[in-house]
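Undergrad: Pasting a structure here, questions to come.
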Amino acid sequence: MRLLYLYKWCTIGGVERVLINRAFVFKKYGIPIKMDIYFYYKGVINDFKKYIEKYNLNEYIDVVEKLDFKKYDYVVSIDTPEAFEEKDLKNLILEYHTSYEDHGSYLKEVPQEKVKLVLVPSDYFKEVLKKRRPDLGNRVLVLRNFVIEEAFDHFNYHLPEWSLKPIVWIGRTDYLKNPHFIVKALRKFRNVYGDKIFFCVVGSSVDEEDFISFIRKEGQIDRVVFYPNITFEKVGAFLRQMSQKEAILVSASKGESFGMAVAEAIYFGLPVLITDIPSHRDLVQNNKTYLYEINNTDEFISKLNNIIQNYDQCKEEILRLRENFTPKRFLDDWENFQRIIGQR
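Everything in the sequence shown is counted per the UniProt record's numbering, starting at 1 for the first residue and increasing by one.
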């Protein structure tokens, strides 16, 4: 089967990670699937190509820079309205990952007759999509995300010996991801529980300078460490070594379709403290030890202190959740997808 994925721009973010992981699985199990990706607005395509070549994945995934729909069995749009304006496309598969309704508002304009199937990353998101577009409800399939060991190398970061515990953030630092809450909450944590922690930020955004100014305003600049964006293959090594430093990964996100950074942290043994939203509940099996109400500072710092005090026990619990992110569930979903698409 040959698939063409249409996506807005290459940022080497969550979407690219999902597709790369699928390529690793197809390669590992010898599944004859080829995924080509067309980016409308380019971005960091060359970095993405280098990753594909480094791991010898070209037989399963590649980037194309010209559209030729006749070459493909199916065309998939990943949250990209431009795909529905292509005159040569009568219908396509929609892969819908947009947790924020205003960002996913394009869904209202998508012509029903152009949608062959809709793929979503979770059962919860299946219900979300049915509410947003009831007329597409009988075309929705779940295709779950996963973490695969082969996607990571064993790079050594030579992390220093810190006297404080690292509280890790991985991802964008814009207002949608809500890192400003974490900065304020960690300031209150120090006031209540003492100077035990520092904030380790991995990632950036277009408004990074505003975020740094906010940290200065909160008087926390000496308790924040910025790491440059860590490439795909080095994330696993970074998390594994952070686990040895008794790190905790935090998220203040108000909406996620899955939460790949959280899943990867769990896979590599980091306890997490994340917002109590449906996708996060799924990741930790609704264990309230690791969930807090959005923007509830008192609950956040209390639960953070509990995880710090009981780190080894929490780490054991977290490692037991790894089984939820193995490729097996995806392979079952993929088999179902191939069966259904073959009937349409």
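Glycine included, each C-beta is placed from N, C-alpha and C at the ideal position. This structure is a prediction, so every number in the text was calculated from the model and none was measured.
(1) Quick one: Cα of Phe-189 to Cα of Ile-301, how far?
(2) Rounded to the nearest angstrom, what separates Tyr-311 and Val-110 at their Cα positions?
(3) Under the three-state reduction of DSSP, which class applies to Met-242: helix, strand or coil?
(4) Mind checking which residues open and close the alpha helix (DSSP H) that includes Pro-166?
(5) Applying the criterion that 16 or more other CB atoms from any shown protein chain within 10 Å of the CB defines a buried residue, is Glu-256 buried or exposed?
(6) With DSSP as the reference, please indicate the residues paired to Phe-199 in a beta bridge.
(7) Classify Glu-65 as helix, strand or coil using the three-state DSSP reduction.
(8) Tell me whether Glu-264 is buried or exposed, calling it buried when 16 or more other Cβ atoms sit within 10 Å of its Cβ.
(9) Using DSSP's beta-bridge definition, name the partner residues of Asp-36.
(10) Answer with buried or exposed for Asp-282, where buried requires no fewer than 16 other C-beta atoms within 10 angstroms of its C-beta.
(11) Hey, could you find the ends of the alpha helix (DSSP H) Thr-98 is sitting in?
(12) Could you tell me which uninterrupted alpha helix (DSSP H) segments, each at least 4 residues in length, are contained entirely in the region 121-166, listed from first to last along the chain?
(13) DSSP three-state label for Val-250, please.
(14) Look at the Cβ atom of Leu-67, then the Cβ atom of Ile-93, and state whether they are nearer than 8 Å.
(15) CA-CA distance, Tyr-227 and Val-120?
(16) I want to know whether the region 132-143 touches the region 154-169 - three or more CB-CB distances under 8 Å.
(17) Evaluate contact between the region 268-275 and the region 193-203, counting only Cβ atoms and requiring at least three cross-stretch pairs below 8 Å.
(18) Looking at the structure shown, is Gly-30 part of a helix, part of a strand, or coil, going by DSSP?
(19) Helix or strand or just coil, what does DSSP make of Leu-117?
(20) Taking the alpha-carbon positions, what's the Glu-113 to Asn-91 distance?
(21) Do you know whose CA, among Asp-332, Phe-232 and Tyr-290, lies nearest Lys-315's CA?
(22) If you compare alpha carbons, which of Ser-77, Gln-338 and Arg-133 is closest to Glu-95?
(23) Suppose you measure from the CA of Asp-47 to the CA of Tyr-60; what does that come to, to the nearest Å?
(24) Under 8 Å: do the region 153-160 and the region 237-244 share three or more Cβ pairs, one atom per stretch?
(25) My output table needs one value for Ser-257: the three-state DSSP class, helix, strand or coil.
(26) Short check: CB of Leu-3 to CB of Tyr-74, under 8 Å?
(27) In whole angstroms, what is the alpha-carbon distance linking Leu-331 and Asp-222?
(28) Run the CB neighbour count on Leu-16, radius 10 Å, all protein chains shown included, and call it buried at 16 or more, exposed below.
(29) Please name the residue in Tyr-7, Phe-232, Ala-185 and Ala-83 whose C-alpha comes closest to that of Ile-215.
(30) Express the C-alpha separation of Glu-218 and residue 420 in angstroms, rounding to a whole number.
(31) Could you pull the start and end residues of the beta strand (DSSP E) that Ser-77 belongs to?
(32) When you compare only the Cα positions, how much space is there between residue 345 and Asp-276?
(33) Let me check understanding here. Comparing Cα to Cα, which of Asn-324, Asn-306, Arg-132 and Glu-233 lies closest to Asp-153?
TA: To lay it out plainly:
(1) 5 Å
(2) 47 Å
(3) helix
(4) First-last for Pro-166: 165-170, but that is the beta strand (DSSP E), not the alpha helix (DSSP H).
(5) buried
(6) Ile-167 and Val-224
(7) coil
(8) buried
(9) Leu-4 and Asp-62
(10) buried
(11) Counting along the chain, Thr-98 falls outside any alpha helix (DSSP H), and DSSP gives it neither H nor E.
(12) 123-132
(13) strand
(14) no
(15) 32 Å
(16) no
(17) no
(18) coil
(19) strand
(20) 7 Å
(21) Tyr-290
(22) Ser-77
(23) 17 Å
(24) yes
(25) coil
(26) yes
(27) 46 Å
(28) The amino acid occupying residue 16 in the given sequence is Glu; Leu does not appear at that position. Result: buried.
(29) Ala-185
(30) Within the shown structure, residues of the chain are numbered from 1 to 344, placing residue 420 beyond reach of any answer.
(31) 74-78
(32) The structure shown has nothing for residue 345, since the chain only spans 1 to 344.
(33) Glu-233
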